[in-house]
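Novice: Residue numbers (the numbering used here), protein chains in the order written: chain A, 1 to 113; chain B, 1001 to 1112. Where a beta carbon is used, it is the ideal one built from N, C-alpha and C, also for glycine. Just so you know, these numbers come straight off a predicted model, no measurement behind them.
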Amino acid sequence: SQQGEEDPQALSIQEGENATMNCSYKTSINNLQWYRQNSGRGLVHLILIRSNEREKHSGRLRVTLDTSKKSSSLLITASRAADTASYFCATDESGGGADGLTFGKGTHLIIQP
Amino acid sequence: KAGVTQTPRYLIKTRGQQVTLSCSPISGHRSVSWYQQTPGQGLQFLFEYFSETQRNKGNFPGRFSGRQFSNSRSEMNVSTLELGDSALYLCASTGAGNSPLHFGNGTRLTVT
């Protein structure tokens, strides 16, 4: 079953602008992860934020986590054409939920040159 | 270090047939997970193997099965294929605990 829901489903911006994607989930989690998928390829792990963390940075990526609202956001700053891809949030459920990571349906990001 | 390798890359089968997909994890990774990706349902967890034992299983019918060998390589099998089994099947490996998943490029299965 899908737990994470990304918003928006699709986003088109100009190169150089910032892109923000949001993810909401339903249950308690150990951590939340963001992945990128280029068309027809496998997923690439971007960043992991633990349930006791509120913000994390990695290069041009900034992730926030609000466990009280069960939501996360991924910010990509100074976007590049190579950032065009689908972005997925995935939750690792706590409390014994062991059905692998639960992925959302993704945000398709298009960077216009 | 070589990444996760999945074979074959593309596969076309007919309804009722069976198929076996293969996955070689990153060297040293003992956990292998399988996911099905479709436009309608997104990414759905199939199963996870660790040290040759199935550790978790998603909500898929018994036609979907898998196994893991002593060298951590894994195979998944789908019997009596249905049109709805057409999907990108992704394999991922991980080192330990809650480490991030490392995905292969998937096998694109088309059932006609």
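1. Assuming T37/A is part of the beta strand (DSSP E), what are its boundary residues?
2. Between which two residues does the beta strand (DSSP E) holding G983/B run?
3. Could you pull out every unbroken beta strand (DSSP E) segment of at least 3 residues lying fully inside the region 1070-1110 of chain B, listed in chain order?
4. How many whole angstroms separate the CB atoms of T1005/B and G1104/B, which I take to be in contact at a CB cut-off of 8 Å?
5. What are the residues of the region 40-53 of chain A that lie near chain B, defined by any Cβ-Cβ distance shorter than 8 Å?
6. Between S86/A and Q37/A, which are expected to be in contact by the criterion C-beta below 8 Å, what is the C-beta distance as a whole number of angstroms?
7. In terms of alpha-carbon separation, which member of L1101/B, L1090/B, P1039/B, R1073/B lies closest to R1009/B?
8. Of the residues S73/A, Y25/A, N52/A, T27/A, which one's Cα is nearest the Cα of F46/A?
9. Between the region 1033-1049 of chain B and the region 1059-1075 of chain B, can you find at least three pairs of beta-carbon atoms closer than 8 Å?
Specialist: Let's see:
1. In the sequence as presented, Thr is not what sits at residue 37/A; that position holds Gln. From DSSP, the beta strand (DSSP E) with Q37/A extends over 29-37.
2. No information on residue 983/B is available, as it lies outside the stretch 1001 to 1112 that chain B covers here.
3. Entirely contained in the region 1070-1110 of chain B, the beta strand (DSSP E) runs reaching 3 residues are, in chain order, 1074-1078, 1087-1094.
4. By a beta-carbon distance limit of 8 Å, T1005/B contacts G1104/B. Their separation comes to about 6 Å.
5. Interface annotation for the region 40-53 of chain A against chain B: G40, R41, G42, L43, V44, H45, L48, criterion Cβ-Cβ distance under 8 Å.
6. That belief holds up - the Cβ atoms of S86/A and Q37/A are roughly 5 Å apart, short of 8 Å.
7. When each option's Cα is compared against that of R1009/B, the closest is L1090/B.
8. Sequence check: residue 46/A is Leu here, not Phe. Nearest of S73/A, Y25/A, N52/A, T27/A to L46/A, Cα basis: S73/A.
9. The answer is yes - the region 1033-1049 of chain B touches the region 1059-1075 of chain B, with three or more Cβ pairs under 8 Å.
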